[in-house]
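Count the sequence shown with full-length UniProt numbering and you get residues 1 to 496, in order.
Built from N, CA and C at the ideal position, the CB exists for glycine as well.
All values derive from a computational prediction rather than experimental measurement.
This report refers to the structure that appears directly beneath it.
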Amino acid sequence: MAKEEIIVIGGGIGGLTAGALLSQAGCKVTILEASREWGGCAGKFQRHKFLYASGATLGMGLENGGIHERVFRHLGITVDAFRLDEVMKIRQAARTLTFHADRQQHVQSLQQAFPSYSHEIAGFYQDVYQKAAKIRLLMKKLPILPIKTGREAFELLTSLKPTHVTLTPDFFKTVGALLKKHSLHQCKDFVHFIDGQLIDSMQTVSKDCALLMGVLALDIYHEGAYYVKGGLYQFADELVEAAKRNGAKTVLGRRVTAVRKIGNQYEVEDHRGHIRTADHVICNAPVQALRNLMEKDLFEQLSSGVKKRSKQDTWGTMTLYMSLDEAHLPEDFPLFQQLMNHNGKSHDEGNHLFLSVSDHNDRNRAPEGFRTLTVSTHINLDHWKSKTQYDQNKAVLKEKMLDTIRYYYPSIDQAIIDIYPGAPKAWERFPHRPGGVVGGFAQTRTHSLFFSLSHRTPLKNFWLCGDSVFPGGGTIGVSVSGYHCFHSITGRRLIQ
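In structure tokens form, the structure reads like this:
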């Protein structure tokens with residue numbers, strides 16, 4: 001039998017995971033990436049002697065049994081990373097909280113920070129950890145949601161254990177409901193802390209976050225959080241090399257402009273007019289890109305859910321990339337931290353920042369004595385539509401973000417060598433995110449689990465992966481969707 005030819009559109013982590021697994025399985029794979037860098041939102045860029053992590057920075061899923069560990073072991077990949085005992089610091093005006101990897105230590109530190117709610121916090125986390133453990137047991141076999149075929153239904157049913165019945169009442173609840181159950185909704189600073197964890201991983205806050213996805217997000221750092229030397233682009237580079245070792249063609253600088261179907265095959269045309277044919281197409285682009293990517297008659301055959309969400313913006317991000325002289329940084333400057341604007345109440349528009357600085361010894365990112373820092377905040381893209389709005393917002397938000405950092409680190413201006421702002425157009429221009437959308441859809445009750453978008457489409461052999469489809473954003477989520485494409489095409493599983 002001839003090898004099936006597969007084209008992967010988009011060289012982000014999800015598409016590279018699918019492409020590397022499929023090429024190892026004997027498929028004839030071509031991966032096309034529009035930019036000059038692999039990794040998508042987990043990519044990098046270089047300025048002078050400094051290398052900046054463009055988006056995702058915190059390494060997850062590398063623990064034994066984690067999705068990256070399983071994929072990398074399957075492919076014979078290793079990455080240089082070390083596990084964090086203290087995942088991050090969270091600074092809320094005068095209060096500094098520490099997210100400890102050890103569950104017991106984490107709960108105890110929060111009880112000390114909020115002594116009036118010590119009993120309630122213990123009960124809340126007991127619920128979180130118990131529910132998350134049950135879900136992880138279910139997810140070990142990586143079942144596919146939402147169910148589209150008999151085989152997918154069978155695989156889900158055979159993954160279920162009697163204990164999972166106890167989760168059914170939680171399908172339509174939110175993390176906010178769990179906070180209220182334990183009377184923690186009254187503790188505004190604790191809710192603000194929880195919301196800070198959820199917005200960065202679930203793209204929403206506790207009042208709207210689906211409970212079953214939310215408890216996984218609150219528990220996942222305890223399973224393992226890692227600093228990856230150089231940055232998460234290392235995942236992408238290793239996946240590309242694995243794909244190439246197994247015969248895949250990997251092509252940078254090829255922006256796909258059209259996808260059409262001719263008979264039983266697909267034609268994929270790039271911006272240079274080069275046309276490639278394939279039996280399967282895996283589209284690792286946001287669903288918002290599909291309308292302009294696919295020929296109209298083909299696009300109209302997609303599900304109503306995909307077509308509806310292709311018109312919806314998700315969050316955007318404003319990012320600052322800085323090179324720093326570490327002589328002016330405090331010795332205890334955390335590798336990862338969240339800073340809350342001391343006057344802000346929300347978790348967007350510069351009121352909540354996520355900071356990731358290169359390790360003191362990471363020579364991949366900066367010369368000795370220097371560091372690079374990535375700072376990001378969620379933004380509402382509706383406020384960036386006109387050029388006047390855009391230019392004004394970019395300037396105002398840059399200064400607001402810097403002011404928040406100065407509040408906690410007054411000497412930061414002495415440390416700063418260069419600043420490169422990354423506003424929505426930068427995300428549209430480089431990783432080719434339509435309109436600057438990042439992070440995927442918020443994991444609300446109407447966008448998660450059985451209400452997610454499937455990697456499977458009504459078009460035979462046309463697949464989706466990436467942060468638009470189940471299980472969502474982050475390198476863990478997109479890798480699972482890439483695995484689902486591999487599994488659905490070949491019927492194969494990862495080695496245990």
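Taking residue i as the reference, give the member of the options with the closest Cα.
i, options, result
"Ser411", "Glu326, Thr257, Glu428, Arg456", "Glu326"
"Ile379", "Ser356, Lys387, His352, Glu368", "His352"
"His271", "Ser35, Glu331, Gly440, Thr490", "Ser35"
"Phe154", "Leu142, Lys134, Asp403", "Leu142"
"Glu69", "Asn364, Ser54, Val480, Asp418", "Val480"
"Asp208", "Glu238, Asp127, Ala177", "Ala177"
"Phe99", "Arg260, Ile194, Lys385, Glu33", "Ile194"
"Ile403", "Gln443, Leu320, Lys387", "With the sequence shown as reference, residue 403 is identified as Asp, and Ile is not the correct amino acid for it. For Asp403, the nearest C-alpha among the options comes from Leu320."
"His192", "Arg47, Ser346, Lys311, Lys394", "Ser346"
"residue 555", "Asn461, Arg492, Arg493", "There is no way to answer for residue 555, as the model of the chain reaches only from 1 to 496."
"Ala435", "Asp348, Met318, Arg91", "Before going on, a small fix: residue 435 reads as Gly here, not Ala. Gly435 has its Cα closest to that of Met318, out of Asp348, Met318, Arg91."
"Trp427", "Leu381, Gly491, Leu397", "Leu381"
"Leu252", "Leu22, Ala18, Gly40, Ser468", "Gly40"
Per DSSP, residue i forms a beta bridge with which residues?
i, result
"Leu51", "Gln46"
"Ile9", "Leu32, Cys283"
"Val375", "Leu320, Leu355"
"Tyr420", "Tyr321"
"His164", "Beta-bridge pairing links His164 to no other residue."
"Trp463", "Ile282, Arg456"
"Val259", "Val268, Met294"
"Arg276", "Val268"
"Gly440", "Note: Gly440 sits in no beta bridge, so no partner."
"Val228", "Ala81"
"Thr98", "Lys89"
"Asp370", "The sequence given here places Phe at residue 370; Asp does not occur at that position. Paired residue(s): Asp325."
"Cys187", "For Cys187, which the question treats as bridged, DSSP gives no partner whatsoever."
"Gln337", "Lys89, Leu355"
"Thr250", "Ile31"
"Cys209", "Thr444"
Take residue i and list the residues in its own chain whose beta-carbon comes closer than 6 Å to its own, dropping the five residues that flank it on each side.
i, result
"Arg456", "Lys148"
"His448", "Residue identity check: residue 448 is Ser in the sequence provided, not His. Answer for Ser448: Ala210, Met213, listed in chain order."
"Lys28", "Lys3, Glu5"
"Asp362", "Lys229"
"Arg254", "Leu32, Asp270"
"His484", "Ile144, His455"
"Ser159", "Leu138, Lys141, Pro143"
"Pro367", "Lys49"
"Pro471", "Gly477, Val480"
"Gln108", "none"
Suppose the cutoff is 8 Å on Cβ atoms and the five residues either side in sequence are ignored; what does the same chain contact list for residue i look like?
i, result
"Val240", "Gly11, Leu16, Ala20, Ile31, Trp38, Thr250"
"Gly224", "Met60, Gly61, Leu62, Glu63, Gly66, Arg83, Ala101"
"Lys394", "Met318, Pro421, Ala423"
Taking the Cβ atom as the reference point for each residue, do residue i and residue j lie within a distance shorter than 8 Å?
i, j, result
"Val375", "Met401", "yes"
"Leu290", "Val306", "yes"
"Val79", "Ala101", "no"
"Ala131", "Val71", "Residue 131 is actually Lys in this sequence, not Ala. Not closer than 8 Å, so no."
"Leu324", "Leu355", "no"
"Phe235", "Ala25", "no"
"Val256", "Tyr266", "no"
"Leu184", "Phe190", "yes"
"Val175", "Ser201", "no"
"Gly439", "Gly482", "no"
"Tyr125", "Cys187", "no"
"Pro146", "Phe451", "yes"
"Leu298", "Arg260", "yes"
"Gln301", "Leu459", "yes"
"Phe172", "Arg445", "yes"
"Ala81", "Tyr233", "no"
"His182", "Gly123", "yes"
"Lys134", "Leu167", "yes"
"Thr377", "Asp348", "yes"
"Trp384", "Pro424", "yes"
"Leu75", "Ala285", "no"
When you measure from the CB of residue i to every non-hydrogen atom of the ligand GTP, does any distance come out below 7 Å?
i, result
"Trp463", "The ligand content of the structure shown is nil, which means the ligand GTP is not present either."
Going along the chain, which residues of its own chain have a beta-carbon closer than 7 Å to the beta-carbon of residue i, five neighbours each way excluded?
i, result
"His342", "Ala93, Tyr407"
"Arg103", "Tyr129, His222"
"Met1", "In this predicted model, Met1 has a pLDDT of only 34, less than 50, meaning its place in the structure is not dependable; the value taken from the coordinates is given anyway. If we look at Met1 and ignore the five residues flanking it on each side, it has no Cβ neighbours."
"Asp237", "Trp38"
"Gln414", "His328"
"Arg493", "His487"
If residue i sits next to residue j, beta carbons under 8 Å apart, how far is it from one beta carbon to the other, in whole angstroms?
i, j, result
"Asp313", "Val228", "Going by Cβ atoms, the distance from Asp313 to Val228 rounds to 30 Å, so no, they are not a contact pair."
"Gly14", "Gly466", "4 Å"
"Trp315", "Gln203", "6 Å"
"Ile9", "Cys283", "5 Å"
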